[in-house]
Amino acid sequence: MVKAYLKFEKDQAVGVVTSRECNVSFDPTGRFALSGAVESVAIWNLRQGVQEKALALHNSSERVSRLCVQEVAGSGRCAVGYQDGTVRLWDLKACAVLQTLQGHRSAVTCLCFDKAGHLMASGSNDTDLIVWDLVGESGIARLRGHVDAVTSVLFWEASVVRLISASKDRLIRIWSLEMQICLQAIAEASELWCLALNAPQTRLVAGSSEKFLHVWSLDHEAKTSEAGDLLLAKFQGAVPRTEGQGQALSVRFAHVGTLEVLLCQGSGRSFEIFRVFSDNEVAKRRKRRERRAKAKLRKKGTEDAADAVDHEHHEAEDDEHEAEGSHAADEITHLQTHRCSAKALSMAWNEKTSTALLGLTNNLMESVRITAAESQEGPAIHLEATPTLELAGHRTGVRALAVAQDDSMFMSLSSESVKIWSASTGRCVRTMPSGYGLCGFFIAGNEHVLIGTKEGKLELYNIQLGELSQSVEAHSGAVYGLAQRPDQKGCVSCSADRTLRFFDFEFTKGSSSSVKLLEQTERSTELPDELLAVAYSPNSKYINVALLNHTVVVLFEDSLKFYLSLYGHRLPVMTLDVSDDSQLIASGSADKNVRLWSTQFGNCLRSLKAHNESVMQVRFLPGTHYLATAGRDHMLKLWDCDSYEVISTLAGHATEILAMALSQDAAFIITAGNDKQIRMWKRTQEQLFLSEERAKELEDQFEQEVEREDLQATSAPRPSRRTVESVRTTDRLMEVLDEAKAAEEQLEADGVDPQSIAEVGQGARHPCARAIAYINTLNSNNIYEVLLALPFSHAVLLLKVILRFFEAVSALPGGEGAQARSKALSAAATLQTPCQAALIAAYVHHSELASSNCRPVLLRLKQEMQKLLQAEKAWITESRNTLLAGYPLVN
1 MVKAYLKFEK DQAVGVVTSR ECNVSFDPTG RFALSGAVES VAIWNLRQGV QEKALALHNS
61 SERVSRLCVQ EVAGSGRCAV GYQDGTVRLW DLKACAVLQT LQGHRSAVTC LCFDKAGHLM
121 ASGSNDTDLI VWDLVGESGI ARLRGHVDAV TSVLFWEASV VRLISASKDR LIRIWSLEMQ
181 ICLQAIAEAS ELWCLALNAP QTRLVAGSSE KFLHVWSLDH EAKTSEAGDL LLAKFQGAVP
241 RTEGQGQALS VRFAHVGTLE VLLCQGSGRS FEIFRVFSDN EVAKRRKRRE RRAKAKLRKK
301 GTEDAADAVD HEHHEAEDDE HEAEGSHAAD EITHLQTHRC SAKALSMAWN EKTSTALLGL
361 TNNLMESVRI TAAESQEGPA IHLEATPTLE LAGHRTGVRA LAVAQDDSMF MSLSSESVKI
421 WSASTGRCVR TMPSGYGLCG FFIAGNEHVL IGTKEGKLEL YNIQLGELSQ SVEAHSGAVY
481 GLAQRPDQKG CVSCSADRTL RFFDFEFTKG SSSSVKLLEQ TERSTELPDE LLAVAYSPNS
541 KYINVALLNH TVVVLFEDSL KFYLSLYGHR LPVMTLDVSD DSQLIASGSA DKNVRLWSTQ
601 FGNCLRSLKA HNESVMQVRF LPGTHYLATA GRDHMLKLWD CDSYEVISTL AGHATEILAM
661 ALSQDAAFII TAGNDKQIRM WKRTQEQLFL SEERAKELED QFEQEVERED LQATSAPRPS
721 RRTVESVRTT DRLMEVLDEA KAAEEQLEAD GVDPQSIAEV GQGARHPCAR AIAYINTLNS
781 NNIYEVLLAL PFSHAVLLLK VILRFFEAVS ALPGGEGAQA RSKALSAAAT LQTPCQAALI
841 AAYVHHSELA SSNCRPVLLR LKQEMQKLLQ AEKAWITESR NTLLAGYPLV N
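Quick note, in the UniProt record's numbering, the sequence shown goes up one by one and the last residue is 891.
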């Protein structure tokens, strides 16, 4: 009989305020902040400090790499770029996907909407730029020219819409969307990270790895120079970042009251604000500079000797030319600098609230409210900084997890705090500052937790009071492992100082329950190397200890005498666990293997190649021989230790998994790691069979090979790319076409003329009706890739089906009034996509079609298509004229 297992799937993920790979953004109202939370987008209520919603896909582990919210009031749309190159357009209110755009082959690095919201540009690590038509839901141009990752893209909307992009290849490129060519390339000395345009779109500012902001003036009516170059952007100079640190990752023009400022966020802790002067102020500053330059020239003329007149004359001409020109220093000057609590990764600005939002490296967001002020020296600004969402996650990676004995709460440990979370809601209910926690568990009653720290201490915390109750200097080295006794009245600790120490819990009852930690001073033992993990046998007979010397030592619990030494790992044993029946010991090592041992004789039952990196955690599911393992390869795996087979592999973490905990009945598994994400995996009632799981893995591997790098023409590369979905759609289309052909042959065999069947628009009796219905499910984003993969024989069949459909529509009863409109509406409902499919199929296979016997089909198709489209055009024109004339439509 085939054995069945219950399937685990991801439930909720908490702990991530903002990912390091993604930027932060405001919603159009300024009340909510959006941030990347590994594979989802978290929407935070800044006033309440809680997560309101999440933009997440079901059963998807692709990480979010870029956000861009459309700033048009009432739009409520957000573009999200993913690591696999996909761009999805989300509705912020409904948290639903509006469009899926697939064109890039690697992570999306920048996104931008045009002012009307009809176009969107995306840049990627694959060095390509793609311009998307959001109305037509398809790409309209793929722009190639950069040789490194594109870091920023902007729409320059003057008399003609152009695109400006920056890249790590040290080039700024200005593109023509009409001709799809680069009009001007500007070379810089270092990598470029960000771009900004002012409101009139006359000034372009670029941030790079240098400590300067470079400024250009833009002229959309620029003429071609004598050298044949089109100078749309003219360099105006550089503005020094006097207090800036690292690269300028984000720049943005903004208005604070009547004051225009330039915001600059670097990769360090500095958030700089520059003042942008008005045209009148720029003229005054330029005149003042010209006067100083002329005074300098006069001073030079009086001091120089007669033999240096010619040399000084040339210098004077250069100085005069410099004085007459326009300089960035006349327009932009440093105003103020704000120091963040940690290094910043991204910045967002909301004009309504005059607030800048900074995403920090320590899993925190900081909001800076900027208000205009007056001083004796002139206009000034006032900064009010507020850290937000401090309780929603750890500042550093999570090192240990533990679940309460009633499964209502779980605990997470990091270098700065202990956090208690509700298992049902995922909300953090208590945060307690602590040492660098490496291990811990809930004490009976679930009112206290005990943790072991890197400093060698055991710290006892009262959850209700949220404070440290007791701290014991237990070891001289880091406490790597804690194990609670099976009777829950004591524990054992293991440390880098090579010792095992034992403790008892003293429970006292007063107004509230309290616990005290008492050391058994007469019981301790020293082992030959550093101790990395410890576990009791459930039958209380043995203590199992993992050592740095690649072995596992089993001791008698009562006498602490040596019982077994389990050796076979090639690198240190990082973790171990014992099954509930005390028959199996599982040990995980840095050698990527999990070994299963018998507790009776100490023999190795099986060595499992569990992970591609070090195994960090192993845990037996309560009451079973099923084993959960987690490793530095970001994977969680479930194993059947009786058959030694992997049950399932669960992916989702962005970095290595360092901690894992199970509920008492294995209803859920919790994992966490350096990505600061705490992920819950719940057990479902869906059955899983190993043969089906292996077949699914092979299918996934095959589908990954299908997504190949397309060889694209350099002159006009297409903006879409081949995906697994497009291949599946092609296969299904071939099946539908074969079914339509078989149905038509059956009708002919029965002596029925398919052309006599007129119910094409509403019914499904015509052989081509089902094929046309499926063709109409194709959207503008994937139809090209679907038909590109269609074989020539099926492409010919597709054209014949579309031809028969057009002929059947033309054969519908016509006439005046309602019947004519019914005919036109039925055609309009199914006309656009078949026409598009016919044109694409003819374009892709034009050489084969021209040399085969398909010319009669093409000629008839052309005739029928023209007739239907002209009739549709006439109907639309008539309807439009009627509406403009103010008359209602009548029969």
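Note that CB positions come from ideal geometry on N, CA and C, so glycine has one too.
Put simply, the backbone Cα of E384 is about 44 Å away from that of S663. As a beta-bridge residue in DSSP terms, Q336 pairs with I273. Non-local beta-carbon contacts of A373 in its own chain, meaning distances under 7 Å to residues more than five positions away in sequence, involve A380, I381, H382 in chain order. The residues G456, K457, in chain order, have a CB closer than 8 Å to that of E473 in the same chain once the five nearest residues on each side in sequence are set aside. In summary, S720 is buried, with 16 or more beta-carbon neighbours lying within 10 Å of its beta-carbon over all protein chains present. Spanning the alpha carbons of D406 and S422 requires a straight line of approximately 12 Å. Per DSSP, the beta bridge partners of H382 are T371.
A residue is called buried once 16 or more other Cβ atoms fall within 10 Å of its Cβ, and D114 is buried on that count. A residue is called buried when at least 16 other Cβ atoms come within 10 angstroms of its Cβ; E785 meets this threshold and is buried. Taking the Cβ atoms as the reference, L134 lies roughly 21 Å from L197, outside the contact range of under 8 Å. As the crow flies, the alpha-carbon of R288 is around 57 Å from that of A96.
Our two residues, L98 and V131, have alpha carbons roughly 17 Å apart in a direct line. In this structure, DSSP gives K234 an extended state, which the three-state scheme calls strand. In this chain, the beta strand (DSSP E) harbouring L213 covers 212-218. Short of 8 Å from the beta carbon of S434, and not among the five residues preceding or following it, lie these beta carbons of its own chain, in chain order: L413, E416, S417, V418, I451, T453, E459, Y461, L468. Inclusion of I783 and Q746 in the CB contact set at 8 Å is not warranted, their separation being larger than that value.
Residue R162 holds the alpha-carbon nearest to the alpha-carbon of E178 among G445, R162, G244. By the criterion of at least three beta-carbon pairs nearer than 8 Å, the segment 394-404 is not in contact with the segment 66-83.
The C-beta of S559 has fewer than 16 other C-beta atoms within 10 Å across all chains shown, which makes the residue exposed. Under DSSP, the beta-bridge partners assigned to W132 are M120, G139. Boundaries of the beta strand (DSSP E) harbouring F26: 24-26, taken from the DSSP string. One alpha carbon belongs to L799, the other to L787, and they sit about 11 Å apart. Between G631 and H653, the C-beta gap is not smaller than 8 Å, which leaves the two residues out of contact. The DSSP-derived three-state label of S267 is coil. The residue from G246, H255, V108 with its alpha-carbon nearest to that of S267 is G246. In this structure, DSSP gives M179 a state outside helix and strand, which the three-state scheme calls coil.
Taking all protein chains shown into account, N593 has 16 or more neighbouring C-beta atoms within 10 Å of its C-beta and is therefore buried.
At a Cβ-Cβ threshold of 8 Å, C494 and Q484 do not count as neighbours.
When the five nearest sequence neighbours on each side are left out, the beta carbons in the same chain lying within less than 6 Å of the beta carbon of F502 are those of V492, Q520, R523, in order along the chain. For P538, the CB contacts under 7 Å within the same chain, skipping 5 residues up- and downstream, are P486, V578, D580, S582 in chain order.
The segment 634-649 and the segment 683-703 touch, with no fewer than 3 CB-CB distances between them shorter than 8 Å. Per DSSP, the continuous beta strand (DSSP E) segment holding A533 begins and ends at 531-536.
Counting only unbroken stretches of 3 or more residues, the beta strand (DSSP E) elements lying wholly within the UniProt repeat "WD" (143-178) are 150-157, 161-167, 171-176, in sequence order.
Residue burial is scored here from C-beta neighbours: P572 has at least 16 other C-beta atoms within 10 angstroms and is therefore classed as buried. If you look at H794, you'll find it in the alpha helix (DSSP H) that goes 792-810. Closest in alpha carbon position to M680, among V403, G477, D731, is V403.
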